[in-house]
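J.:
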Amino acid sequence: MRAKRVIAAALIAALPWSAVSAACLGMQVHAHRGAPSLPENSLASINAAYAGGWDGVEIDMQRLQDGRWVLHHDLLTGRTVGGVGRKAVLQLSSADWRGAKLLGQGGGSAPPFLDDALKLAAAQPAKTFNAELKVIYRDCAPVSKLVSGMKQALPHGNWMITSAFPEALRCVRSTDRQGYLGLIVFDPRHADTVSANPLGRYVSQRATAPQLSKQWLANLAATVGAPVGVHVDAMTLAANPQLLRDAAAQSVRVFVYAVGGDAALAQQLRTAKQREGYLPSGVIIDGSAQTFCQAMGG
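In case it helps, mature numbering (1 follows the signal peptide of the UniProt record, and there is no 0) puts the sequence shown at residues -22 to -1, 1 to 276.
(1) Identify the residues that DSSP records as bridge partners of Ser141: which are they?
(2) Along the beta strand (DSSP E) that carries Gln6, what are the first and last residues, could you check?
(3) Compare the C-alpha of Gln272 against each of Gln252, Arg253 and Leu247 and name the closest.
(4) Terminal residues of the continuous alpha helix (DSSP H) containing Gln40?
(5) So, under 8 Å CB-CB, Phe107 and Ala99 are touching, yes? Tell me the CB distance rounded to an integer number of Å.
(6) Bridge partners for Lys79 per DSSP, in chain order?
(7) Shortest alpha-carbon distance to Gly4 belongs to which of Ala241, Val261 and Gln228?
(8) Go ahead and pull the three-state DSSP assignment for Arg231.
(9) Buried or exposed: Gly275, going by 16 or more other Cβ atoms within 10 Å of its Cβ?
(10) Assign Ser53 to buried or exposed, taking buried as 16 or more other Cβ atoms, counted over all protein chains shown, within 10 Å of its Cβ.
(11) Would you call Thr214 buried or exposed, if buried means 16 or more other Cβ atoms sit within 10 Å of its Cβ?
(12) Roughly how many angstroms lie between the CA atoms of Cys149 and Phe164, to the nearest whole one?
(13) Per DSSP, which one or two residues make a beta bridge with Phe91?
(14) Identify the continuous beta strand (DSSP E) that holds Gly30 and give its terminal residues.
(15) Apart from the five residues just before and just after Ser(-2), which ones in its own chain have a Cβ nearer than 7 Å to its Cβ?
(16) When we look at the beta-carbon of Asn197 and count the other beta-carbons within 10 Å, is it buried (16 or more) or exposed?
(17) Kindly indicate the opening and closing residues of the beta strand (DSSP E) around Asp240.
(18) Excluding the 5 residues flanking Ser122 on each side, which residues of the same chain have their C-beta closer than 7 Å to its C-beta?
(19) Could you check which residue in Asp93, Glu110 and Gly160 has the C-alpha nearest to that of Gln130?
(20) Helix, strand or coil: how does DSSP classify Leu54 here?
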């Protein structure tokens, strides 16, 4: 199953948009941290995403002090998870996590361990489990153990691991030689939109756009190992107007995040289609898959 998905991924990455007949013009559509209107990275949001029109669900993984893996986006608790103060996830124990509570609309339950989410994913072989490693782990042992556990828990093979850290992906590759891995590249000019603190504003005002050239893509494939892709925000895509064409030529998949909103992403992709004749392999969106695909004309 996994080998078939690898071959399919390479074919999708290499095809022009007009040659793909799948839903939403051939793009996979993943729910960003689960379905909207429910607490992000919660079991409820994952369940709703699997039951909805999305092709997969994107979640965030971090490790507790005692080695258990949990679903959480921020490095510190306090925004989406309460009851434990404002602490780094790596400082918390499993007992701390069981005693914590999800915040926001629909919250109140304990935040999930990764094991809980994997049980849901195991029952959904047609839906992609898109899991991001949020923190760099210089020791590969914990990551290797994580990947071995995911392979055992998800024998259907419909899952991927992404990270903003190439070192983390190399750790994954040492354990999983065939699985798809995605390197996340975020335009730092967006820093003020995702961070309300002064550091975010400072970074965004002084940042320059990432340059993802043909050589950069070749280096990515050589460093991480195929099958591999690059997961970018819409601003990075706009700053690299040949990215989709160059990636297709090298069988590198491209996924695009809707950091500036789903409508803005749809507009950006329509522009890219006209410019290059290609669309990305997939998108990670915050709203309805049906609404997004309708905006794309698919």
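Note that beta-carbon positions come from the ideal geometry of N, C-alpha and C, so glycine has one too. Keep in mind it's a predicted model, so treat the numbers as computed, not measured.
T.: This is what the structure holds:
(1) Leu111 and Leu161
(2) Gln6 to His10
(3) Leu247
(4) Note, Gln40: premise wrong, no alpha helix (DSSP H); beta strand (DSSP E) at Gly34 to Arg41.
(5) 4 Å
(6) Gly60.
(7) Val261
(8) DSSP places Arg231 in the strand class (E or B) of the three-state scheme.
(9) exposed
(10) In the sequence under discussion, the amino acid at residue 53 is Leu, which differs from the Ser named in the question. When all chains shown are included, Leu53 counts as exposed.
(11) buried
(12) 21 Å
(13) Val48
(14) Element bounds for Gly30: n/a, residue is neither H nor E.
(15) Reliability of the predicted coordinates at Ser(-2) is poor, the pLDDT of 32 falling under 50, and no value is obtained from them.
(16) exposed
(17) Counting along the chain, Asp240 falls outside any beta strand (DSSP E), though it belongs to the alpha helix (DSSP H) covering Asp240 to Glu254.
(18) Cys149, Ser152 and Thr153
(19) The shortest C-alpha separation from Gln130 is found at Asp93.
(20) strand
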